[in-house]
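Numbering (this note's numbering), first residue to last: 47 to 739.
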């Protein structure tokens, strides 16, 4: 494969059960095989043979599937090998050998096991097997030293390494007619059970075979609901690869998963869980089936990665969640600099294993590599690891790693997008003023798009810059929509676009996007909280409360959920419950500005002026230590009915380009200011649709 040593182990299933050597050639009758206890040679003279023979022909006794690999099709029923529709000549035992290998593809068959399957109840020399394998390699077009189909495992045996697809037999064989059809034919002839009475076996045989042919021609074969093994895979989760060995690298395992998610996420035919949804499944030994059930997917891609010096070894398997059946598995042993070859091989094999129909654009995106520099990829993986922590320290370390990736590869578009995301969140979480970090986010996002216009992550990063900093709401929506055109599986785009729509006063559209984001990340606490936030801005506090209670069942200490729950209770004027939730948010967030300011606004709304002023003094004190948006001070003064002072602080927030200012159109905190011309002018300048600029 590409002239490299990639030992692949591919496993397939047959009718929902693993193919074994005992079923390798189940329909090859030798002189020593029997049917229902009668030697084949004696069946011709008796009615039992006729019955059993017809059952085999009409009741599914022969294979119901064919096998496809590369340009070949192996038909066990007709006992023929086709290459692009042309028959490949094989001796009978060579065919039997190939069938055994294909039905056990990916599993190493020792020579003794293989010979017993091909020559049951017979003693043969090992040279016979070697002769068959040699003949197969020649028939399959293998060249010396380039074993694309059959690999020799030194000291053990052989394994079939090409990717195999099991396909339903659709050539109109008599397999589908079934028991009832056969019994109806016999009943019409006055035959009961296996007794032919006075009718001679030969006459009935001729007649039955003729009738069977007519039945095969006229009957429409209808299959029942396909078993799990034949149902299409519509959703998949790529779990973080588990790091093994002395040089274990947790960043590399998550980075491998993230790279594969990015590749597979561009395919419209399958839903791929985003990185944020799977990043918690990093513990070695964790059951991938349980993870797949929690993530609500049809299949899970799970693997291990081990680095030793300049070598990297990756073991990966694709497993169907419903019946735990392995669909594909492989082991790659490569130079670390060839990690991208491994990623290409895995993503391509998964697409083939799921029988996905890719458009030309999807094929290009699947084959596209964001970088050819292994060190840049490793730095990027670390950057995403830190970015996902969503902390001050994590975001700063993420910036450091993304910059290192860019130093290694100045054309690494994903690294620029990661840099933009870090700067965006430094502002969103009120760690740095917008004027200090958002211009850097814009520069990084635009650079990413200059390198790769088809990068959904970069369009999403730019959308947030346009929405919350440049007040270009039309441009922001355009970028969100473009991101989702490029990658409908990108949950962050659905999430941020949903919040954008909620803040634009479009609650129905907002809930569609937020719900879609949660479908992609059913275990995400922040997205679940975002759904509740959408209900809150849509003036549906009861639904917000109901949703948040379920969120907190997953993690009772998740402070953003307590915060939005406090907002919803405050919206219902249930001040006591709101105060309790604000306090939980403060305690669990270590006094996050949003939680502290929210409690101040609650005091103001409840008429507790002294407590509200106390919070204002606390925010003023904290502003000497860290950035505190003027938006929060404005909110408390709005609650105190100090309209002039509130608008004055909102003007300061506008000069700061405060992220939270984007919510004033729908935030109940500012309802009392909406009739003021100065507030309306501010809305116009922020560029809300319907407000002329």
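Glycine is no exception: its CB is placed at the ideal position from the N, C-alpha and C atoms.
For residue 344, the secondary structure class from DSSP, reduced to helix, strand or coil, is coil. Per the C-alpha coordinates, the member of 612, 600, 344 and 307 positioned closest to residue 280 is 344. Residues 286, 300 and 434 of the same chain have their beta carbon placed closer than 7 Å to that of residue 325, with the five preceding and five following residues left out of the count.
Annotation: residue 436 to residue 675 spans about 19 Å, alpha carbon to alpha carbon. If you look at residue 114, you'll find it isn't in any alpha helix (DSSP H); it sits in the beta strand (DSSP E) that goes 111 to 115. Leaving aside the five residues that flank residue 418 on each side, the residues in its chain whose CB is nearer than 8 Å to its CB run, in chain order, 386 and 455. When rounded, the separation of the alpha-carbon atoms in residue 162 and residue 351 is 36 Å. For the stretch 305 to 392, the full-length alpha helix (DSSP H) segments reaching 4 residues or more read 321 to 324 and 334 to 341 along the chain. Rounded to the nearest angstrom, the gap between the Cα atoms of residue 443 and residue 600 is 28 Å. Within its own chain, the residues whose Cβ lies closer than 6 Å to the Cβ of residue 548, once the five positions on either side in sequence are excluded, are 556, 580 and 583, listed in chain order. The C-beta distance from residue 544 to residue 576 rounds to 7 Å, short enough to meet the 8 Å contact threshold. By alpha-carbon distance to residue 349, the top candidate from 394, 183, 590 and 374 is 374. According to DSSP, residue pairing for residue 281 in a beta bridge involves 317. Within a 10 Å sphere around the beta-carbon of residue 137 sit fewer than 16 other beta-carbons, which makes this residue exposed. Checking the DSSP bridge columns, you'll see residue 198 partnered with 204. Distance from residue 427 to residue 297 at the Cβ level is roughly 5 Å; contact confirmed, criterion being Cβ atoms closer than 8 Å. Annotated as distal: residue 304 and residue 329, with beta-carbon spacing of 8 Å or more. Residue 149 and residue 560 have their alpha carbons spaced roughly 45 Å apart.
The stretch 588 to 596 and the stretch 613 to 627 touch, with three or more beta-carbon pairs separated by less than 8 Å. When rounded, the separation of the alpha-carbon atoms in residue 509 and residue 311 is 20 Å. Put simply, the stretch 721 to 730 touches the stretch 683 to 699. At least three CB pairs are less than 8 Å apart. About 13 Å separates the Cβ atoms of residue 309 and residue 400, ruling out a contact at the 8 Å cut-off. Judged by DSSP in its simplified three-state form, residue 670 adopts coil rather than helix or strand.
By the 16-neighbour rule on beta-carbons within 10 angstroms, residue 660 is exposed. Straight-line spacing of the CA atoms in residue 492 and residue 409 works out to 25 Å. From the listed residues 573, 533 and 565, the smallest Cα separation to residue 542 is found for 573. Counting C-beta atoms within 10 angstroms of its own C-beta, residue 452 has 16 or more neighbours from the protein chains shown and is therefore classed as buried. With fewer than 16 other Cβ atoms from the protein chains shown falling within 10 Å of its own Cβ, residue 132 counts as exposed. The three-state reading of DSSP puts residue 712 in coil, since its state is none of H, G, I, E or B. Of all alpha-carbon atoms in 394, 362, 366 and 371, the one lying nearest the alpha-carbon of residue 379 is that of 362. According to the DSSP secondary-structure assignment, residue 411 is paired through a beta bridge with no residue. For residue 634, the CB contacts under 8 Å within the same chain, skipping 5 residues up- and downstream, are 603, 604, 605 and 608 in chain order.
Sequence-distant partners of residue 423 (beyond 5 residues in either direction) whose C-beta falls short of 6 Å from its own C-beta, in its chain, are 417. For residue 119, the enclosing beta strand (DSSP E) starts and ends at 118 to 121. According to DSSP, residue 288 shares a beta bridge with 350. In this structure, residue 473 sits away from residue 677, with a CB-CB distance that is not shorter than 8 Å.
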